[in-house]
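Peer 1: Mapping of the sequence shown onto the numbering used here: position 165 corresponds to residue 168, and the numbering continues sequentially without gaps. Even for Gly, the Cβ is constructed at its ideal location relative to N, Cα and C. All figures in this text were calculated on a predicted structure; none of them were measured in a lab.
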Amino acid sequence: MADADPSFPLPKAELIALFLESLLFGAFMVLYFISIWILLYREQHHGRTRLNKWMFATATTMFVLAIAHLCFDVQRALDGFIAHGGTPTGTLDFYNGLSNPTHVGKSVIYITQTLVGDAFVTYRLFIVYNRNAWILVLPLALLVGTGIAGYGICVVLTTLSGSDAIFSGNLVPWITSFFALSLTTNVIATILISGRIMWSNYKVKRYRAGYAALTYWGVIETIVQSAAIYSAALVSLLSTYLAGSNAQYICLDSLQPLIGVVFTLIIIRVGLNETASEHSKGHMVSDSRGAPPPHGQQYPLRPLAINVSVSREHDRASFEGFDSDRKETGVVSESDVESGNGDTVVPDSSFLQLGGKANAV
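(1) Am I right that phenylalanine 59 and aspartate 82 are in contact with their C-beta atoms under 8 Å? What's the rounded C-beta distance?
(2) From histidine 72 to cysteine 157, what does the alpha carbon distance come to, in whole angstroms?
(3) Evaluate arginine 134 with the Cβ neighbour count: other Cβ atoms within 10 Å of its Cβ, from every protein chain shown; 16 or more gives buried, anything less gives exposed.
(4) Spatial neighbours of serine 185 within its chain, please: C-beta separation below 7 Å, excluding the five flanking residues on both sides.
(5) Let me confirm a value: threonine 193 is counted as buried when at least 16 other C-beta atoms fall within 10 Å, else exposed. Which label applies?
(6) Do leucine 23 and serine 257 have their C-beta atoms closer together than 8 Å?
(7) Leucine 68 and isoleucine 112 - do their beta-carbons sit closer together than 8 Å?
(8) Between the C-alpha atoms of phenylalanine 182 and serine 248, what's the straight-line distance to the nearest angstrom?
(9) Mind checking which residues open and close the alpha helix (DSSP H) that includes proline 142?
(10) Among the residues of its own chain, which have a CB less than 6 Å from the CB of alanine 230, if the five just before and after it don't count?
(11) Could you please give the first and the last residue of the uninterrupted alpha helix (DSSP H) stretch that includes glycine 93?
(12) Tell me the rounded alpha-carbon separation between proline 14 and leucine 95.
(13) Tell me which same chain residues have a C-beta within less than 7 Å of the C-beta of aspartate 326, skipping the five on either side of it?
(14) Answer with buried or exposed for glycine 89, where buried requires no fewer than 16 other C-beta atoms within 10 angstroms of its C-beta.
(15) Tell me whether serine 38 sits in a helix, a strand or coil according to DSSP, three-state version.
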């Protein structure tokens, strides 16, 4: 591994990294409180408490870790530029000290944040595939490998010293393995989740109303876009690190709040879509009332007898296929139990926040 590019000094990179991390943390804080409001609102009105508690716990954990990481970076900036800034090389020497407890501590926090995000992606995959344990074999192996490589980095950091130690031969295999495994986990999980949703949509598309079909594609778009943002940031970080550029510190510190931003964006987008759909349904009901008679005329209502002849043809193969797909979803609404019909499939928004299946209503 080549030495760091001298045209982009480390203190400058650390200042830019702190600035961008602060901006992204501010965005994450706003998105966090919006997502918490959505989760609590949905829990109050829809009763999906178990899933909301998992998402609430995950979002809160990410938020706390992001705060802790930012506090470490602020403290390091004070130490580097004020406490050690009295000499020409004091700031540079401070930031080159990888075995410093503050640097090791912030590294542990970042790795934990990454594992929390990857673990929830794996859990999302588990839910989408109807809690099939076999689908977790590869993602869990990647997750364990990511954790070993990540915390292995922290162990190696405590033994390093000197300038450009971040690019030393002892550390490069650990760092590249960590980021490559995390990237692979997210790419594979995103492909599997999107494929599962598309396949389920294809199998029951003739039984689904137009709004439900559009919601499915909106969910796929949300998941893919969120994964693309995180994957692009990981690729940028890995590329700058392998190129020996100090710009990797900018990417690294920006990723800490970005993980939470990506997670909360999925909650917010699905939650707002559900709120909009509820309002639109309310307007449809209110607008369906007939217009009043002109000039204030009153027309008496009379009983109307209607004779309806119903002829039914049952395509056994089609209904069996539809019934099997409904069983795969693992979610049956109360209206299905009461009415016994299932001609329309509307996505369940809590499961869609996981990239999940649909409720039949």
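Peer 2: So, from the data block:
(1) Not a contact, Cβ separation roughly 35 Å.
(2) Using only the alpha carbons, I get a separation of about 15 Å.
(3) exposed
(4) Thr117, Asp121, Thr149, Leu237
(5) buried
(6) In this structure, serine 257 lies closer than 8 Å to leucine 23 by Cβ.
(7) yes
(8) 16 Å
(9) Residues 140 to 160.
(10) Excluding sequence neighbours, alanine 230 sits near Asn189, Thr193.
(11) 93 to 99
(12) 6 Å
(13) With a pLDDT of only 45 at aspartate 326, under the threshold of 50, the placement of this residue in the model should not be trusted; the figure read from the coordinates follows. Result list for aspartate 326: empty, nothing under 7 Å.
(14) exposed
(15) helix
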